[in-house]
Amino acid sequence: MSPIYHLVQLIALSLLCSAASPVRAASLGAVDQSFNPGQGADGMVTTIHLAADGSIYLIGEFLHFDGEGRTNFARLKHDGALDRQFQPQSVGSLSGAPVTTQANGLALLGSPSKPLRLLPDGSIDESFHFNRFLYPRFDNAVNAV
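Numbering (the working numbering), first residue to last: 5 to 149.
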């Protein structure tokens, strides 16, 4: 059995993120068969974030999710299907990187060099400059957002 890396609970549902594929469990612990992530990731998923709108952000050490290219970062719909409208740019190794969402639904990502904000399509929001005057570049990875 694969180790479980993250557990996110919202009301009566839980998301379990094991090595390659998330699973949603009902309140009694039974696997929710309506949640279908397809083939899942071709590598380890290390971070999971459940957004207020029900979308699910996954970060890890993978190149594909459900057979489609998604280097280290993917967004799923509430039913577990890969969100094909979300095409994130590659920003390097993200294993264990934090991700959260703002009230406006935009994702904040801790990248290897600086915090990034992503637009709904997964592209980097170039207008977001976190402490750009004080810290134009961080010396280490961003570990929390």
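We put the beta carbon where it would ideally sit given N, CA and C, even for glycine.
Note that the coordinates shown come from a computational prediction; the quantities given were computed from them, not determined experimentally.
For residue i, does the count of other Cβ atoms within 10 angstroms reach 16, so buried, or fall short, so exposed?
{"i": "R79", "result": "buried"}
{"i": "H165", "result": "The structure shown does not extend to residue 165, since the chain spans only 5 to 149, so no value can be given for it."}
{"i": "D70", "result": "buried"}
{"i": "R88", "result": "exposed"}
{"i": "G58", "result": "exposed"}
{"i": "N108", "result": "exposed"}
Of the residues the options, which one's Cα is nearest the Cα of residue i?
{"i": "Q91", "options": "I60, G126 and F39", "result": "G126"}
{"i": "F39", "options": "L86, I128 and A107", "result": "L86"}
{"i": "L112", "options": "Q43, Y61, P41 and G42", "result": "Y61"}
For residue i versus residue j, is the C-beta spacing smaller than 9 angstroms?
{"i": "L110", "j": "P124", "result": "yes"}
{"i": "D46", "j": "H68", "result": "yes"}
{"i": "V49", "j": "G64", "result": "yes"}
With a CB to CB cut of under 6 angstroms and the five nearest residues on each side skipped, what residues in its chain are close to residue i?
{"i": "F132", "result": "R121"}
{"i": "G42", "result": "D70"}
{"i": "G84", "result": "F39, N40 and P41"}
Please list, in chain order, all residues of the same chain as residue i whose beta carbon is under 8 angstroms from its beta carbon, the five residues on each side excluded.
{"i": "Q93", "result": "G126, S127 and I128"}
Between which residues of its own chain and residue i is the CB-CB distance below 7 angstroms, once the five residues before and five after are set aside?
{"i": "A56", "result": "T105"}
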